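Residue numbers (the working numbering): 125 to 587.
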Ligand SMILES: Nc1ncnc2c1ncn2[C@@H]1O[C@H](COP(=O)(O)OP(=O)(O)OP(=O)(O)O)[C@@H](O)[C@H]1O
Ligand SMILES: [Mg+2]
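Right, here's the structure in full:
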């Protein structure tokens, strides 16, 4: 669950619970007040009936009492009926109003009021008060209140949900954008900035993040600059050392000194190490060019089988020494491709040297090519395969990253450990050609690295 959802749901649940508790308390308090009101009204009725009864006795106006109680009955539905009995000496008369069928069912409140100037003149009133009606009235008023509170609660919850969602979105949006930016930086695209104009904690966080991103970009630039300057500076003295060693070797070859052959073998080892160092430096410079987007391939029609045959020939003696069969089985009629011969040679060199590193004695390395059509164009898929040690499937995804190697490096048959730059450079070269590169491998069975290249368009036939 995202922070935004958690925040929105959390705020809303608290809001709804608080409003429900408030509503429930209002209903409970209102019920008890209503009950008290009704009880007070009952005693007010009793007192006012007594007072009016006394007035009517003094004024000898019985009907006034009846009409007053009738009026009260209209105001106060719990007053179900009233029975009047007047007594003046030996004479008496009765009047009943209301629903007398309820007599005996509802509570009856008897009152007696007599004329203070003539105690034989009196009136007895029995008021039928329906207590169930009081309860019903309380219930009805509570239900009305409940309905109103429920409606208000639903409306407020909806508004609260909307508001909390908007608020949560406002707060978490910069976090989501920071997350996306961090991912971009993690993929190696440094220097991204986020525009966020607020002076709160989020503004401070975004500011710090932007500062970090800029600093990372500066450091990365400084690192690239440093690596490329150091590599350049190393290349020239190395070239000079190699030429001087070559000169000394020439002299030693024509020397009669008995120690000359041994010195020559030492110098050949030094030369081998210089070649490794030169190839490493040139890989570093290529990687730096790729990083800066400066690796350029000049595409011209190239006979790929010639390039492959040249590389197979170059590695032939080494393969034979290792007891490995190296062959190029490119179809001789393969049309030319659009490519940079030098760069493609570099690709073949790395792929074949990789295969040699992992193919033990008796193994086989072979280069093949197959044509296919895609997107209205003709392509060729080239593969360098071996039946060597292979590698784990978990390693396949990262082999094309800078300085990435498989866990099988310690299982190599010959050669130096390498630096993990080869496949990174190869894939970039193939991408520059508009093609793709991939690898399949099975531990103990072998590896196939393949890439695609566009065939050169055939020149229009002469008219
Ligand atoms: N044919 C192969 N058989 C087994 N593993 C291979 C093969 N080709 C490549 N790999 C694995 O892929 C890794 C990366 O190869 P890559 O060519 O990029 O670097 P490297 O050969 O180790 O060093 P570099 O090419 O820079 O000298 C190798 O270290 C190895 O683990
Ligand atoms: Mg390599």
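Cβ atoms here follow ideal geometry from the backbone N, Cα and C, with glycine treated the same way. Fair warning: this is a prediction, and the values are worked out from it, not measured in the lab.
Does residue i pass the burial test, meaning 16 or more other C-beta atoms within 10 Å, or should it be called exposed?
i	result
residue 393	exposed
residue 125	exposed
residue 148	exposed
residue 350	exposed
residue 446	buried
residue 587	Confidence at residue 587 is low in this model, with a pLDDT of 48, below 50, so its placement is unreliable and no value can be given for it.
residue 205	buried
residue 288	buried
residue 368	exposed
residue 127	exposed
residue 552	buried
residue 298	buried
residue 531	exposed
residue 153	exposed
residue 476	buried
residue 559	buried
residue 396	exposed
residue 574	buried
residue 546	buried
residue 310	exposed
residue 577	buried
Who pairs with residue i in a beta bridge, going by DSSP?
i	result
residue 414	Beta-bridge pairing links residue 414 to no other residue.
residue 429	DSSP, once it has assigned bridges, lists no residue as partnering residue 429.
residue 211	216, 246
residue 251	206, 233
residue 126	BP columns for residue 126 are empty, so no partner.
residue 574	507, 562
residue 222	205
residue 424	463
residue 238	246
residue 579	461
Going by Cα to Cα distance, which pick from the options is closest to residue i?
i	options	result
residue 513	332, 539, 483, 488	483
residue 344	151, 509, 412	412
residue 272	151, 577, 293	151
residue 167	233, 389, 427	233
residue 203	358, 169, 157, 556	169
residue 130	387, 417, 291	291
residue 409	357, 386, 418, 352	352
residue 335	315, 214, 516	315
residue 189	251, 478, 573, 215	251
residue 134	286, 532, 379, 547	286
residue 218	227, 196, 395, 187	187
residue 515	331, 478, 461, 330	478
residue 399	421, 302, 540	540
residue 281	465, 138, 580	138
residue 269	155, 239, 293, 404	155
residue 132	159, 295, 579, 201	295
residue 239	178, 196, 377, 221	178
residue 579	563, 501, 321, 542	501
residue 437	158, 450, 284, 426	450
residue 543	215, 347, 318, 401	401
residue 528	548, 261, 448, 534	548
residue 304	330, 322, 221, 376	330
residue 225	387, 253, 200	253
residue 485	497, 499, 538	538
residue 425	359, 441, 462, 435	462
residue 222	194, 214, 241, 235	194
Examine chain B for any beta-carbon lying closer than 9 Å to the beta-carbon of residue i, and answer yes or no.
i	result
residue 411	No chain B appears in this structure, which consists of one protein chain only.
Stretch pair the segment 257 to 268 + the segment 178 to 185: three plus CB contacts closer than 8 Å: no
Does the segment 337 to 345 come within contact of the segment 362 to 370, defined as at least 3 CB pairs closer than 8 Å? no
If you scan the segment 253 to 323 from start to end, which runs of the alpha helix (DSSP H) of 4 or more residues do you find wholly inside it? 255 to 310
Quick check: the segment 465 to 472 against the segment 423 to 441, are there 3 or more CB pairs under 8 Å? yes
Threshold first: 4 residues or longer. Then list the alpha helix (DSSP H) segments lying entirely within the segment 362 to 420, N to C. 384 to 415
Counting pairs of beta carbons, one from the segment 486 to 505 and one from the segment 450 to 457, are three or more of them closer than 8 Å? yes
Is the segment 132 to 151 in contact with the segment 268 to 285, if contact means three or more CB pairs nearer than 8 Å? yes
What are the complete alpha helix (DSSP H) segments, minimum 4 residues, inside the segment 128 to 209? 186 to 199
Enumerated in chain order, which unbroken segments of the alpha helix (DSSP H) with a length of 4 residues or greater are wholly contained in the segment 446 to 517? 465 to 482
Across the segment 563 to 573 and the segment 410 to 424, are there enough close Cβ pairs to call them in contact, namely three or more that are closer than 8 Å? no
At a cut of 8 Å, does the segment 318 to 334 reach the segment 158 to 165 through at least three beta carbon pairs? no
Within 8 Å, do at least three Cβ pairs link the segment 503 to 510 to the segment 518 to 534? no
Does the segment 206 to 213 come into contact with the segment 232 to 247, if we say contact requires no fewer than three beta-carbon pairs (one atom in each stretch) closer than 8 Å? yes
Runs of beta strand (DSSP E) wholly within the segment 322 to 364 (minimum 3 residues, chain order): none
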